[in-house]
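Asks:
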Amino acid sequence: MPGLEDLYREIVLDHYRNPRNRGELPCPPARRAEGFNPLCGDEVVVYTDLADGMVRDVRFGGQGCSISQSTASMMSVAVKGRSLEEVEKLERSFKAMMSIVTDGGEVAPPADLGDLEALRGVVKFPVRIKCATLCWNTLTESLRS
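For the sequence shown, the numbering used here gives the first residue as 227, with consecutive numbering after it.
(1) According to DSSP, what are the bridge partners of glutamate 260?
(2) Using a Cβ distance threshold of 8 Å, determine whether the segment 336 to 350 contacts the segment 271 to 287, with at least three qualifying pairs required.
(3) Based on the DSSP secondary-structure assignment, which residues constitute the bridge partners of phenylalanine 286?
(4) Alpha carbon to alpha carbon, how far is valine 272 from arginine 257? Give it in angstroms, no decimals.
(5) Flag this pair as yes or no: are the beta carbons of glycine 249 and leucine 360 separated by less than 8 Å?
(6) From the DSSP output, in three-state form, read off serine 309 for me.
(7) Looking only at its own chain, which residues have a Cβ that is under 7 Å from the Cβ of methionine 324, when we skip the five neighbours before and after it?
(8) Excluding the 5 residues preceding and the 5 following arginine 368 in the sequence, name in chain order all residues of the same chain whose CB lies nearer than 8 Å to its CB.
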């Protein structure tokens with residue numbers, strides 16, 4: 227469906243050109259984690275401000291391809307204001323969407339991923355999956371630190 231692919235492409239490009247939540251949070255109280263993809267050179271830094279089991283604020287920095295940077299932007303919007311349990315569910319859903327099923331079908335994510343759905347096409351390019359999951363892995367590291 228070309229119309230849907232065009233819409234998804236626009237969402238990804240919009241988050242790349244106009245990233246949401248780009249910047250830093252003072253550490254402490256915020257937590258900071260760095261992620262790096264040595265295969266392509268993508269770098270991301272994720273800052274999280276947690277209180278009472280909630281992600282009060284999240285920011286990211288770094289540099290990389292449009293997939294890694296737009297995913298970080300979309301992820302930051304998706305997790306801000308959510309409980310750690312909700313964030314974990316979103317991460318599992320996103321990573322399930324990035325999975326390639328052995329029978330060739332796609333895994334349907336159980337959570338509403340919002341703009342992150344625009345990255346569904348990444349699974350067609352397995353080498354780019356690490357670009358899309360880098361910020362999620364870094365977010366997890368920041369939440370566990």
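A virtual CB, placed ideally from N, CA and C, is assigned to each residue, including glycine.
Replies: Checking against the coordinates, here is how it stands:
(1) Indexing the sequence shown from 1 puts residue 260 at position 34. BP columns for glutamate 260 point to Val271.
(2) no
(3) Translated into the one-based positions of the sequence shown, residue 286 becomes position 60. Partner(s): Arg248, Val272.
(4) By 1-based counting over the sequence shown, the position of residue 257 is 31. By 1-based counting over the sequence shown, the position of residue 272 is 46. Each residue's Cα considered, the two are about 8 Å apart.
(5) Within the sequence shown, residue 249 is the residue found at index 23, counting from 1. Within the sequence shown, residue 360 is the residue found at index 134, counting from 1. Contact flag unset, no.
(6) Within the sequence shown, residue 309 is the residue found at index 83, counting from 1. Of the three classes helix, strand and coil, the one that applies to serine 309 here is strand, per DSSP.
(7) Counted from its first residue, the sequence shown places residue 324 at position 98. Result list for methionine 324: Val348, Val349, Ile355, Ala358, Thr359, in chain order.
(8) To locate residue 368, count along the sequence shown from 1; it is residue 142. Note on residue identity: the sequence assigns serine, not arginine, to residue 368. Arg257, Arg258, Ala259, Val272, Tyr273, Thr274, listed in sequence order.
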